[in-house]
Amino acid sequence: MDHITANKTFLLGIDGCGGAGKSTLAQSFKDVGGNEVTIIHMDDFYKPTSLRSQVSDDEIGGNWDCERVKKQILEPLRNNQSTNYQRYDWNLDDMAEWYDVPAGGLVVIEGCYSLVNSLNKYYDFKIWVESPKELRLNRGIERDGEERRHLWEDLWMPAEERYIREQNPLKTADLIVDGTGKVSDIKKLELTVLSSLVDNE
Numbered sequence: 014m015d016h017i018t019a020n021k022t023f024l025l026g027i028d029g030c031g032g033a034g035k036s037t038l039a040q041s042f043k044d045v046g047g048n049e050v051t052i053i054h055m056d057d058f059y060k061p062t063s064l065r066s067q068v069s070d071d072e073i074g075g076n077w078d079c080e081r082v083k084k085q086i087l088e089p090l091r092n093n094q095s096t097n098y099q100r101y102d103w104n105l106d107d108m109a110e111w112y113d114v115p116a117g118g119l120v121v122i123e124g125c126y127s128l129v130n131s132l133n134k135y136y137d138f139k140i141w142v143e144s145p146k147e148l149r150l151n152r153g154i155e156r157d158g159e160e161r162r163h164l165w166e167d168l169w170m171p172a173e174e175r176y177i178r179e180q181n182p183l184k185t186a187d188l189i190v191d192g193t194g195k196v197s198d199i200k201k202l203e204l205t206v207l208s209s210l211v212d213n214e
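Take the position in the sequence shown, starting the count at 1, then add 13; the result is the number in the working numbering.
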């Protein structure tokens, strides 16, 4: 794997089911790489209600605007061009401010459905974070509140299970990481090596 430099953009995709530990892992790269690491959240590409109403039930991850991820993030950065994107505001259910994304260094795209088939080919390295269903549910309820349990159990988790069943992102991932906090020494080493590739050469 080539070294990540300030003059080359290295695209890292981190996927996994809700509550698996994706954001925590993404932040660990930021902690190591500092300003050379940019984190982009798939949740910033959630579709407003007006667009979600047009989504077919057959579409995997259809509530996320994967086309916008591709056009605003992955395609420009793949060509080492700086870009920008507009964030979805979950409280307003509308599009909000714009963010600049410079080319170069490590760009982490983390979140559910970041490794869907339409986006998979753009990454230089792909990680799937795996955690048991009960743990993921408990984390989700702790974060979102008991009033959203039905969304986790009846909507979000079944949709993620279908994603895994039909597109098998674990198979296309370059590395599967244990998100329970019990990562093996070998996987810790692999993550450390990958993180250390962020430099200014």
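Positions of the beta carbon are idealized from the N, C-alpha and C atoms, including for glycine.
Check: residue i C-beta below 7 Å from any heavy atom of the ligand SAH
i           : result
residue 117 : For the structure depicted, the ligand SAH is absent and the ligand set is empty, with no information on it obtainable.
Per-residue DSSP class, three states only, for residue i
i           : result
residue 130 : helix
residue 52  : strand
residue 136 : coil
residue 109 : strand
residue 193 : coil
residue 166 : helix
residue 44  : helix
Under 8 Å between C-beta atoms of residue i and residue j
i           : j           : result
residue 53  : residue 120 : yes
residue 189 : residue 147 : no
residue 186 : residue 139 : yes
residue 62  : residue 114 : no
residue 91  : residue 135 : yes
residue 122 : residue 38  : no
Per DSSP, the bridge partner or partners of residue i
i           : result
residue 64  : BP columns for residue 64 are empty, so no partner.
residue 22  : 118
residue 123 : 27 and 54
residue 59  : 77
For residue i, the nearest candidate out of the options (CA to CA)
i          : options              : result
residue 79 : 106, 139, 126 and 44 : 126
residue 87 : 152, 184 and 137     : 137
residue 76 : 84, 64 and 151       : 64
residue 85 : 99, 72, 68 and 74    : 99
residue 83 : 164, 118 and 131     : 131
residue 35 : 157, 102 and 56      : 56
Test: residue i CB closer than 8 Å to a CB of chain C
i          : result
residue 83 : Absent from the structure is chain C; it holds one protein chain and no more.
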